[in-house]
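To keep things clear, I will list the structure first and then write my remarks on it.
There are 4 protein chains.
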Amino acid sequence: MSTATFSSICCNQGYLWKEEGKISKLKNRNEKVRLNVGGASALTTKCMQSSQQNKKEVRIGLLGASGYTGAEIVRLLANHPYFGITLMTADRKAGQSMGSVFPHLITQNLPTMVSVKDADFSNVDAVFCCLPHGTTQEIIKGLPRHLKIVDLSADFRLRDIDEYEEWYGQPHSAPELQKEAVYGLTEILREEVKSARLVANPGCYPTSIQLPLVPLIKAKLIEHRNIIIDSKSGVSGAGRGAKEANLYSEIAEGIYSYGVTRHRHAPEIEQGLSDAAHSKITVSFTPHLMPMTRGMQSTIYVEMSQGVTIEDLYEQLRKYYEDEEFVKLLDKGVVPHTHNVRGSNYCFMNVFPDRIPGRAIIISVIDNLVKGASGQALQNLNIMLGYPENTGLLYQPLFP
Amino acid sequence: MSTATFSSICCNQGYLWKEEGKISKLKNRNEKVRLNVGGASALTTKCMQSSQQNKKEVRIGLLGASGYTGAEIVRLLANHPYFGITLMTADRKAGQSMGSVFPHLITQNLPTMVSVKDADFSNVDAVFCCLPHGTTQEIIKGLPRHLKIVDLSADFRLRDIDEYEEWYGQPHSAPELQKEAVYGLTEILREEVKSARLVANPGCYPTSIQLPLVPLIKAKLIEHRNIIIDSKSGVSGAGRGAKEANLYSEIAEGIYSYGVTRHRHAPEIEQGLSDAAHSKITVSFTPHLMPMTRGMQSTIYVEMSQGVTIEDLYEQLRKYYEDEEFVKLLDKGVVPHTHNVRGSNYCFMNVFPDRIPGRAIIISVIDNLVKGASGQALQNLNIMLGYPENTGLLYQPLFP
Amino acid sequence: MSTATFSSICCNQGYLWKEEGKISKLKNRNEKVRLNVGGASALTTKCMQSSQQNKKEVRIGLLGASGYTGAEIVRLLANHPYFGITLMTADRKAGQSMGSVFPHLITQNLPTMVSVKDADFSNVDAVFCCLPHGTTQEIIKGLPRHLKIVDLSADFRLRDIDEYEEWYGQPHSAPELQKEAVYGLTEILREEVKSARLVANPGCYPTSIQLPLVPLIKAKLIEHRNIIIDSKSGVSGAGRGAKEANLYSEIAEGIYSYGVTRHRHAPEIEQGLSDAAHSKITVSFTPHLMPMTRGMQSTIYVEMSQGVTIEDLYEQLRKYYEDEEFVKLLDKGVVPHTHNVRGSNYCFMNVFPDRIPGRAIIISVIDNLVKGASGQALQNLNIMLGYPENTGLLYQPLFP
Amino acid sequence: MSTATFSSICCNQGYLWKEEGKISKLKNRNEKVRLNVGGASALTTKCMQSSQQNKKEVRIGLLGASGYTGAEIVRLLANHPYFGITLMTADRKAGQSMGSVFPHLITQNLPTMVSVKDADFSNVDAVFCCLPHGTTQEIIKGLPRHLKIVDLSADFRLRDIDEYEEWYGQPHSAPELQKEAVYGLTEILREEVKSARLVANPGCYPTSIQLPLVPLIKAKLIEHRNIIIDSKSGVSGAGRGAKEANLYSEIAEGIYSYGVTRHRHAPEIEQGLSDAAHSKITVSFTPHLMPMTRGMQSTIYVEMSQGVTIEDLYEQLRKYYEDEEFVKLLDKGVVPHTHNVRGSNYCFMNVFPDRIPGRAIIISVIDNLVKGASGQALQNLNIMLGYPENTGLLYQPLFP
């Protein structure tokens, strides 16, 4: 038995996840791992079969597999020791193999894609839902209750369903599920995620913005007024839909702002910041489209509270994130680049003095498809199912 | 004589420059053209020879021809009816042809590059100086007084030579010339440029920022405090010097801020805004490097003065620039893209409401190598020599 | 009168076109210019009005204005002294301004786009037809006979209408017009273009391939067998249609071959080479899609005829193109880059020895939207209407 | 003991490497794994320590860590269960941390870089040598004999030291080591690699070319004459050295051939093909530089032997590679894209008919930094040390 236990740790440690210096924090989850993994014979049997991905211990359904976030889930799970994909849906690609839609995944042994209405969830334990905004509420409403669900759409992110209707132009069709949904900003709401059945995975912009701002607001280090957020995103955030505006010739070698004044991520950002502040915060938020596929930077201009210094901001972020695997405050003065995190689940951040006295500049970078979407989704499901949250997520950034 | 006059107008109008609706404004300059151009026989003789560029009526010296701004001057002058290049210097490329350094220019008939110390200015009427910051003061000090000079470096942009020393780390070596230098932000300081002998051509960031802000500050429509400028630039602004940081593999598909808090363009921006305000303005200015060669966008976040509306800002910019050839306020709600101006001398701008009441977002775009450098330089020299300022500058943007 | 003549030359020479060293070749066309342009008073009147583009002496209709080649025609004509656009059609954008579809052209004074069925051709002298393949035959069949037409589609390029049907999957619907159509590879078929009413403008790949190969085949310097053509194209050649495959995220940072064995340009290339050879030539032709918007390179691998040397190939190309404005053989050993010609109507080429004895490597580069489409179309219309063929085409390449 | 055995398989299988369907082939290597890994207690102890990378069982020295291939080794080893980096050298960056040179690797626990002359190899078992061509021979000559070495430079690739001198312009300084060196084209020379002490890791172009051609030549399916290879590479192959030619502004949005006729990879390619043919083969090889960071495609034009069909070529490649983890022949008609393999160790290939009867077109793609450099190097070291060769290499491609 103890051998089995060690073996299971062996399986996890060292290359797919690690726990440097925070054994105590993760202790509960580790014990959970041992329980889930079972005895030696079960383990070895399971592991020996694991080259067939669909024999892994947690059976994953992937809804909306034919988009970029779906493909990214597949990439990440390719090296996950416990999660195997047993169901894939893609309405317009039903009957096709993943390899025909995403040829870079042909080496993976994956189920044929089916239409979501034909999906059999009886052999599925958990679901990543990568469907478009607006269609997701109905589909999730129809899923069996035994499923753990991480929803990557915006459909369950806004607690206030009136706000949802205002920004998305249609009434919320699953208000009772909305009450149940937990907002999955992992490092901020980890405890809530642990016991959640349905997690609303945060948007990419809100992730890059809330991670640095929430700790500063909680500690009352910055003013609530005049928070100016200038965000820059790669194009993959717009998905794989064929749109003239996203053609190579339209995007390459040029930039522009979009959704000025009225981007749909604004209420999500304000919800999170207001929660931290215990009072309503309205932000200035302007996203920009960059000629790059992956990557996101938020440059955030804030007023420090009376008497607060840059040093105070830095120290608060340092303490808040020092034990985190995926959120890294850089050394003083070091500027985060989106290249630093491409293809990985990391968020790098730093804080700088402004020329205007009393103001600070905060910069954070993520990969919009990983920490801004599929990576954080996997991090959340790891937690929901009691696995170490970094399992299968320790990909280092691809650079150059 | 009248035929000659008409002919000269013919030469100018319709394709190389045009004057739609502002004949009266340009009348003086047009008359100057006629005077310069001379009588019929001179004109026709001159024009017939003009396929040899160095026989055009104004003989141009191009110092520092081997950099990007030098090459851009050559590109623009290729179709200029009056300016012909008769001298090119490039110390490290002395003895080489321009075509060997910039093969895209092999069809141009250009003088061999010489070292600046070997340059003969006796057959030169005007000079574009494209040399690096710091070396320019000494060289311009040594030039004959009969030359009109447009300097594209930063060496004469800051009126306060102490400020120059503070930001550039060396004492100003030509303080008497500094007094003579006129800051060449054409649309704002056109009258001063007209009579200048030495024009300090503005930096790219300052151009993109001052063009929208100066009219708003002059009209007291925005507060002087908390002007937040988030600028994004293509890489060509860094020049052709071989630096690891500017390698393709380092830049492509990624973004980052640089010079946070301390970019050298900050004092130049503040000088221009403070002049407009008649009081010291300190701005927040953060430049970002974009994975694109040309193009620049400044996204500027401002507080409107008490009682002022977005409509007021729009109207002020509309009136200020309605007769301008190269500065265009877009229709309400239309977002400028850097693609809209690539390869051209245009600045497109617009103003938008912010989510935070009382604030506004101003966006301007230019091509950093044209309106942000060589194009504005040519616009200035046209003015200094009495030609219509759009002469040789009506290239339409290259898109896609 | 002689003054008028000189003035007209003045208008043309020096910046919009030039004639370096080939007065004799162009003599006829120059005389034609004089005749068209008329006397001094006519000229000056005309020129003074030319700031209103639609008052220029030749009234141009642009069919299919909302695509990239249409926009490129507008860009080129912006500085053309004689051609003004008076009619623009775009079925799906009927009623819209060009500036709303291509904001980089908002400074141009252009007619509102109409549906082609609503077009009034009574005030049009010549037409650029930028419509999709397959629809063009019917539309051109319906045009008034007084119009000069340059068709940029593939619909009239193949003389053999059976071949057209084989490659385009539908019968040719205007076989009588096909007989009339002249293939507009300007430097090769200039005399035929002169008297043409309908010119089939060559495809981009065929232009880049035939320009170097035709003179070599004509001079019997290369074998007809085993001509291997590896071509690389920017994405803009695929047009502005919204296709998943052409999204930024699908194209950036990756390459691939397409149309392997069966690209539609193959019969067009073989038609031109076979004509030059007076016998049927079958080539190996493989196009590749590049992560760039504009630019095309053909790398061509050939066997030299018995006893022929690289020197012979070089000399033949040198002689063939020495008087050409737009086709440039580079100095020996200099490799053409697509950057050398971006945004311009030039074709740069060179020839190199192969490691395999008896073989040669030929490289040619063009901008697929200029020399490969709209630029060559304008070159052809200039010729068809008796203007110097470089009129309005002397844009220098945009680099960097 | 049997538990330990199973555990060790467990550790290996399922996510870091897998052995689908070729247990028999790998049997020897698996047994070696068991021997190396040791009993249950050793294993679990080892694994529990493995979060500290430098406690892994094989101690790796990385010479030349500050270049792109060095950084790529670090990225790949981050998830390798057995190899830990204990020594890093970088002469010009001696004393610095890897995170300061490559900030995307700051989360890795790595030794400080030292100068190679100060390196202590007593605690190193194996070395990746990522030094520049020309300097490597002397350094490897000085290394202790107990080290296993994979050299990523070109210094030991050419068996004929006269040929080395001819192409690299200097005499070979370690001819006795050259005799010992094994050329590490893994799938072709796996048996030789197994027992090698010094492996010369193949160049990126030669890898992409030999993998498809060697099996076809061995089976006498293609003619030796007139093999035309048109290769296209991303820029990262040129390394991180600051060169004007590799600046973003020089590379983006343009392409060109380089090293026409005389690229240094030609003799390496010909050596491999000639070995397979048992007679001297001379190829036509023209590399092209692509505006992308990673990725390489070789488009290869060949004549089939008398009576051979495309089907025969396909079948030979299918059989040759059907058991390979990293070389994949695509389904008939499917075109490989470089995107399909970016960031991974895969080589995708396919074969197509040519329009010219009797000819075929072969296309292969790799990531030049992985299968073309660091990935294949790790694959080789795995083999040299008796680990399953896919250990730590099952990263799926990063797309989009």
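Chains as they are written, first to last, in UniProt numbering: chain A, 1 to 400; chain B, 1 to 400; chain C, 1 to 400; chain D, 1 to 400.
For each residue, glycine too, the CB sits at the ideal point set by N, CA and C.
Taking each of B:P353, B:K328, B:S274 in turn and checking the Cα distance to D312 (chain B), the smallest one comes out for B:P353. Nearest to I217 (chain A) by alpha-carbon distance, out of A:S153, A:Y320, A:G70, A:G61, is A:Y320. Here DSSP, grouped into helix, strand and coil, assigns Y395 (chain C) to coil.
Burial check for H104 (chain B): the Cβ neighbour count within 10 Å reaches 16 or more, so the residue is buried.
Classified as exposed, Q170 (chain A) has fewer than 16 neighbouring CB atoms from the shown chains inside 10 Å of its CB.
One Cα belongs to E163 (chain A), the other to Q96 (chain A), and the distance between them is close to 38 Å. For the set D:S66, D:H80, D:G67, D:Y68, the Cα lying nearest the Cα of I60 (chain D) is the one of D:H80. With 16 or more other Cβ atoms from the protein chains shown falling within 10 Å of its own Cβ, S374 (chain D) counts as buried. Looking at C:G142, C:A126, C:R159, C:I139, the one whose alpha-carbon comes closest to that of V150 (chain C) is C:A126. At a cut-off of 8 Å, the C-beta of N340 (chain C) has a neighbouring C-beta in chain B. Beta-bridge annotation (DSSP): F326 (chain D) is not paired with any residue.
With the criterion set as a beta carbon lying under 9 Å from some beta carbon of chain C, the members of the stretch 209-236 of chain D are R225, N226, I227, I228, D230, K232, G234, in sequence order. Proximity of Q306 (chain D) to chain C, defined by a Cβ-Cβ separation below 8 Å, is not satisfied. If you draw a straight line from the Cα of R240 (chain A) to the Cα of V341 (chain D), it is about 19 Å long. Sequence-distant Cβ neighbours of N368 (chain C) in its own chain, meaning closer than 7 Å and more than five residues away, are C204, S233, G234, S236, G237, R294, G295, M296. For I140 (chain A), the nearest beta carbon of chain D is not closer than 8 Å to its own beta carbon. CA-to-CA, the gap between K141 (chain C) and Q108 (chain C) works out to about 30 Å.
Under the Cβ distance rule, Q297 (chain C) counts among the residues neighbouring chain D, one pair being separated by less than 8 Å. For the stretch 252-264 of chain C, the set of positions with a beta-carbon nearer than 9 Å to some beta-carbon of chain D reads A252, E253, G254, I255, Y256, S257, Y258, V260, T261, R262 in chain order. Contact between S231 (chain D) and F285 (chain D) holds, with the beta-carbon distance rounding to 7 Å and staying under 8 Å. Chain-ordered, the chain B residues with CB closer than 8 Å to the CB of E250 (chain A) read H339, P400. A90 (chain D) and S66 (chain D) have their C-alpha atoms spaced approximately 6 Å apart.
Rounded to whole angstroms, the separation of the alpha carbons of P267 (chain C) and I362 (chain D) is 22 Å. The C-beta distance from I228 (chain B) to Y301 (chain B) rounds to 4 Å, short enough to meet the 8 Å contact threshold.
Here K220 (chain A) is exposed. Its C-beta has fewer than 16 other C-beta atoms within 10 Å.
Taking a Cβ-Cβ cut-off of 8 Å, the neighbours of Y68 (chain A) in chain D comprise P400, given in sequence order.
With a beta-carbon spacing of about 5 Å, V199 (chain B) and V182 (chain B) fall inside the 8 Å limit used to define contacts. Within the stretch 254-325 of chain A, the complete alpha helix (DSSP H) runs of at least 4 residues fall at 265-277, 310-321.
Your pair T391 (chain C) and Y168 (chain C) does not check out as a contact, with CB atoms roughly 33 Å apart and the cut at 8 Å. The stretch 273-291 of chain D and the stretch 245-262 of chain D touch, with three or more beta-carbon pairs separated by less than 8 Å. At a cut-off of 8 Å between beta carbons, Q396 (chain A) contacts chain D. Cα atoms of A71 (chain D) and I85 (chain D): separation of roughly 12 Å, rounded to the nearest angstrom.
Per DSSP, the beta bridge partners of P353 (chain A) are A:A360.
Listed along the chain, the chain C residues whose CB falls inside 8 Å of the CB of R75 (chain A) amount to none; the nearest CB is some 14 Å away. Here DSSP, grouped into helix, strand and coil, assigns F128 (chain A) to strand. Residue burial annotation: P388 (chain B) is buried, with at least 16 other C-beta atoms found within 10 angstroms of its C-beta.
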